[in-house]
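S.K.: Counted the way the numbering used here counts, the sequence shown spans residues 1033 to 1212.
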Amino acid sequence: MAALSNRGRSGLWVALLTAASTATTLALGCATPFPSLAALAAVHMRRRDTLALMLLAWAASQFAGFLLLGYPRDGSTLGWAAGLGTAAVGSALASYAALGALQYRSVAARLSLAYAAGFTAFKAIILGWALVLGGLHTAMAPDLLAEQFVRNAAILIGLYAIYRALVAVGVPVPPQAATA
């Protein structure tokens, strides 16, 4: 690939990961892997690019849900849409906070830490929204939490494999923060 500016590399990775997220959303019928995206992006991208990714992935998931998957257009569903957006951004911020607090060198350790922090923050924010909007029994059911944790971890592994494959074939890495 021709040399891209930082802005071009940022835009390319935001677009690639948004597309991967949207494909996952469509394949799983509304399960956008926000904690997985947050972890991968926190390890490999700048914070502002990650926040743009989270917002675009959220917007794409809402587009897919409301226009393609037929989500109902009622107050509760719109409230949950807002809740997912805040949880997506919170997941990314928590991933960065965890990486800033503990300085691991290995990519596996950094991805694991960012994922654990991102998933925990995501579910904590969802808990807050569930207290307001209802659905606490579904949002926090232990069996569903475990399933979501494992599914998102598997998606993170897949996203990382895609990231490494794309870099291996010459896609330039995204710009990273100075402390990355």
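Every residue gets a Cβ at the ideal spot worked out from N, C-alpha and C, and that includes glycine.
Taking the straight line between their C-alpha atoms, what separation do you get for Ala1091 and Ala1140?
M.R.: The count along the sequence shown starts at 1 and reaches residue 1091 at position 59. The count along the sequence shown starts at 1 and reaches residue 1140 at position 108. Going by the C-alpha atoms only, they are around 29 angstroms apart.
S.K.: Can you give me the C-alpha to C-alpha distance between Ala1193 and Ala1200, rounded to a whole angstrom?
M.R.: To locate residue 1193, count along the sequence shown from 1; it is residue 161. To locate residue 1200, count along the sequence shown from 1; it is residue 168. Approximately 10 angstroms, taken between the alpha carbons.
S.K.: Distance check for Pro1204 and Gly1111, CA to CA, integer angstroms please.
M.R.: What you label residue 1111 is simply residue 79 of the sequence shown in a count that begins at 1. What you label residue 1204 is simply residue 172 of the sequence shown in a count that begins at 1. Going by the C-alpha atoms only, they are around 38 angstroms apart.
S.K.: For the alpha helix (DSSP H) that Pro1174 lies in, which residues bound it at each end?
M.R.: Your numbering for residue 1174 matches position 142 in the sequence shown. Pro1174 to Ala1200 is the extent of the alpha helix (DSSP H) around Pro1174.
S.K.: Are there 16 or more other CB atoms within 10 angstroms of the CB of Phe1095, so buried, or fewer, so exposed?
M.R.: Within the sequence shown, numbered from 1, the residue matching residue 1095 stands at position 63. The residue in question, Phe1095, is exposed, as its Cβ has fewer than 16 Cβ neighbours within 10 Å.
S.K.: Compute the distance between the beta-carbons of Pro1067 and Leu1143, then report whether it is under 9 angstroms.
M.R.: On the sequence shown, residue 1067 is found 35 positions in, with the first residue counted as 1. On the sequence shown, residue 1143 is found 111 positions in, with the first residue counted as 1. Against a cut-off of 9 angstroms, the Cβ pair of Leu1143 and Pro1067 comes out as no contact.
S.K.: Give the single residue among Met1086, Leu1060 and Ala1120 whose Cα lies nearest to the Cα of Leu1101.
M.R.: Locating residue 1101 in the sequence shown gives position 69, counting from the first residue. The residue with the shortest Cα to Cα distance from Leu1101 is Leu1060.
S.K.: Excluding the 5 residues flanking Leu1044 on each side, which residues of the same chain have their C-beta closer than 8 angstroms to its C-beta?
M.R.: Working through the sequence shown from its first residue, we reach residue 1044 at position 12. Around Leu1044: Leu1036, Val1203, Pro1204 and Pro1206.
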